[in-house]
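Trainee:
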Amino acid sequence: MTHLPYLIAAYGITIIALGTISLHSWTRLKQVQKKLSQLQNNNKPS
Amino acid sequence: MTDTSLPPQQQSRFNIHRLANPGFFLRFATIIQPWINVSAALCLVIGLVWGLFYSPADWQQGDSVRIMYIHVPMAILASGGYFALAVCALCSLIWKHPLADLAAEEIGPVGAVITALCLITGSLWGKPMWGTWWVWDARLTSVLVLFFLYLGHITLLHAFDDQQKGYKAAAILALVGVFDLPIIKFSVNWWNTLHQPSTFSLTHAPSMSFSMMWPLFFCFAGLALGFIALVCIRLRTAILERQIRHILLNE
Chain A
1442 MTHLPYLIAA
1452 YGITIIALGT
1462 ISLHSWTRLK
1472 QVQKKLSQLQ
1482 NNNKPS
Chain B
10 MTDTSLPPQQ
20 QSRFNIHRLA
30 NPGFFLRFAT
40 IIQPWINVSA
50 ALCLVIGLVW
60 GLFYSPADWQ
70 QGDSVRIMYI
80 HVPMAILASG
90 GYFALAVCAL
100 CSLIWKHPLA
110 DLAAEEIGPV
120 GAVITALCLI
130 TGSLWGKPMW
140 GTWWVWDARL
150 TSVLVLFFLY
160 LGHITLLHAF
170 DDQQKGYKAA
180 AILALVGVFD
190 LPIIKFSVNW
200 WNTLHQPSTF
210 SLTHAPSMSF
220 SMMWPLFFCF
230 AGLALGFIAL
240 VCIRLRTAIL
250 ERQIRHILLN
260 E
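Just so you know, the protein sequences line up as chains A and B, in that order.
Per my numbering, the first sequence starts with residue 1442, numbered consecutively.
Per my numbering, the second sequence starts with residue 10, numbered consecutively.
1) Measuring alpha carbon to alpha carbon, tell me which of A109/B, L126/B, W145/B and T39/B ends up nearest I8/B.
2) Excluding the 5 residues flanking A180/B on each side, which residues of the same chain have their C-beta closer than 6 Å to its C-beta?
3) Put G140/B into one of helix, strand or coil per three-state DSSP.
4) Per DSSP, which residues does D67/B bridge with? Please list them.
5) Would you mind working out which of K177/B, N198/B and G90/B sits nearest D110/B, comparing C-alpha positions?
6) Would you kindly check if the distance between the Cβ of V152/B and the Cβ of A1458/A is under 8 Å?
7) According to the neighbour-count rule (16 or more other Cβ atoms, all chains shown, within 10 Å of its Cβ), is I248/B buried or exposed?
8) Under 8 Å, do S1478/A and R243/B count as touching if we go by C-beta distance?
9) Taking contact to mean at least 3 C-beta pairs separated by less than 8 Å, is the stretch 232-241 of chain B in contact with the stretch 40-49 of chain B?
10) Run down chain B in chain order and give the residues with a C-beta less than 9 Å from the C-beta of N1482/A.
11) To the nearest angstrom, how far is it from the Cα of E114/B to the Cα of Q173/B?
12) By Cβ distance, which residues of its chain are closer than 8 Å to A241/B, with the 5 residues on each side in sequence left out?
13) Could you tell me whether the Cβ atoms of S73/B and P31/B are closer together than 8 Å?
14) Cβ of L1464/A less than 8 Å from any chain B Cβ?
15) Over the uninterrupted alpha helix (DSSP H) stretch that includes V185/B, give me the two end residues.
16) Do the stretch 218-225 of chain B and the stretch 52-63 of chain B make contact, defined as three or more Cβ pairs closer than 8 Å?
17) Secondary structure at F169/B, three-state DSSP: helix, strand or coil?
18) Do you know how far the Cα of V119/B is from the Cα of I1462/A?
19) Listed from N- to C-terminal order along the chain, which residues in the stretch 109-136 of chain B have their beta-carbon within a distance smaller than 8 Å of any beta-carbon of chain A?
20) Return helix, strand or coil for D146/B, following the three-state DSSP convention.
21) Apply the 10 Å Cβ neighbour rule to T246/B and answer buried if 16 or more other Cβ atoms are within range, or exposed otherwise.
22) Does H162/B pass the burial test, meaning 16 or more other C-beta atoms within 10 Å, or should it be called exposed?
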């Protein structure tokens, strides 16, 4: 029996898991940067 | 990036202790982030293409050996990440380093994911090779304990209403758990394990062909730089979240 399914599963799970946490971290950074920018604009004296 | 509060002869010199300042770290991390991202991606692409398509299959294991190019770096990073967690804990408890608690909070989830992937890829490699998904041998069990230590650290951080108590409890767990790291490292020497002994040693030549060692090195470099990049992004986010909390508290 070929071991290819195990190889594909290992790389697939790794790519999905690392991709998910990377994407989550990046979107969290963008959201926080946007919120901080909004707060700083609101606090600027007119 | 000069600090005009310093004497002129020190203004242009990079002082590593300035990284303890959250504002300076934020500016420094923002500048180096793209370089780390690109370096990680480059090393990973080189390592994976080389390892998957150009390195030879093992004479016994066949193509299953290519799981090594992700499993081994994950295993090293799992222990390395926890060591970094323990250093953060030390800096927090002893020197009250302003960024230590934030760094520990952001390293934990990344380390836990890496350790879980190490266990999963190990199982997927072990099933065709050993005929089993899991054995309770010393190496596998000690890495499973490491995974539980990561989960415990994450849980303790969020288990208290007072955030400082959570940071302190998690830091103590991180320091106690660091004793698992030498057990992981030397388990294959101390006990009769199914897991193979170390391939690399400081005292003798590696028992691996260079045609496999180079792609392994590139994969490790790529994943290590990726780990640093991810922690960098998360730490920047944590610092900005703290700034937001300060602004909202002052309103």
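Positions of the beta carbon are idealized from the N, C-alpha and C atoms, including for glycine.
Mentor: Let's see:
1) Coverage of chain B is limited to positions 10 through 260, which leaves residue 8/B absent and any answer about it impossible.
2) Numbered from its first residue, the second sequence carries residue 180/B at position 171. Taken in chain order, the residues that qualify are A98, S101 and L102.
3) Working through the second sequence from its first residue, we reach residue 140/B at position 131. Residue state, collapsed to three classes: coil.
4) Here residue 67/B refers to the residue found at position 58 when the second sequence is read from its first residue. G71/B.
5) Within the second sequence, the letter at position 101 stands for residue 110/B. Of the listed residues, the one whose Cα sits closest to D110/B is K177/B.
6) Reading the first sequence from its first residue, position 17 is the one you call residue 1458/A. Reading the second sequence from its first residue, position 143 is the one you call residue 152/B. It is not a contact, given that the beta carbons lie outside the stated cut-off.
7) Residue numbering aside, residue 248/B sits at position 239 when the second sequence is read from its first letter. Buried is the call here.
8) Taking the first sequence and counting its residues from 1, the one referred to as residue 1478/A is at position 37. Taking the second sequence and counting its residues from 1, the one referred to as residue 243/B is at position 234. Against a cut-off of 8 Å, the Cβ pair of R243/B and S1478/A comes out as no contact.
9) yes
10) In the first sequence, the residue the question calls residue 1482/A occupies position 41. Here the premise fails: no neighbours, minimum Cβ distance about 11 Å.
11) As a first step, residue 114/B is located in the second sequence; it is residue number 105 there, counting from the start. As a first step, residue 173/B is located in the second sequence; it is residue number 164 there, counting from the start. So the two alpha carbons sit approximately 12 Å from each other.
12) Translated into positions along the second sequence, residue 241/B becomes position 232. Reading off the sequence shown, one finds Cys at residue 241/B, where the question assumed Ala. So the qualifying residues of the chain are A38, I41, Q42 and I45.
13) Here residue 73/B refers to the residue found at position 64 when the second sequence is read from its first residue. Here residue 31/B refers to the residue found at position 22 when the second sequence is read from its first residue. Taking 8 Å as the Cβ cut-off, S73/B and P31/B do not qualify as a contacting pair.
14) Along the first sequence, read from residue 1 onward, the residue named residue 1464/A stands at position 23. Chain B, which has no Cβ nearer than 8 Å to the Cβ of L1464/A, makes this no.
15) As a position in the second sequence, residue 185/B is number 176, starting the count at 1. Looking at the DSSP string, the run of the alpha helix (DSSP H) that includes V185/B is Q172 to G186.
16) yes
17) What you label residue 169/B is simply residue 160 of the second sequence in a count that begins at 1. Three-state result, F169/B: coil.
18) Working through the first sequence from its first residue, we reach residue 1462/A at position 21. Working through the second sequence from its first residue, we reach residue 119/B at position 110. Distance between the alpha carbons of I1462/A and V119/B is about 8 Å.
19) P118, V119, V122, A125, L126, I129, T130, L133, W134 and K136
20) For the purposes of this step, residue 146/B is taken as the residue at position 137 of the second sequence. DSSP places D146/B in coil when its eight states are reduced to three.
21) The sequence position of residue 246/B within the second sequence is 237, counting from 1. Flag for T246/B reads buried.
22) Residue numbering aside, residue 162/B sits at position 153 when the second sequence is read from its first letter. Buried.
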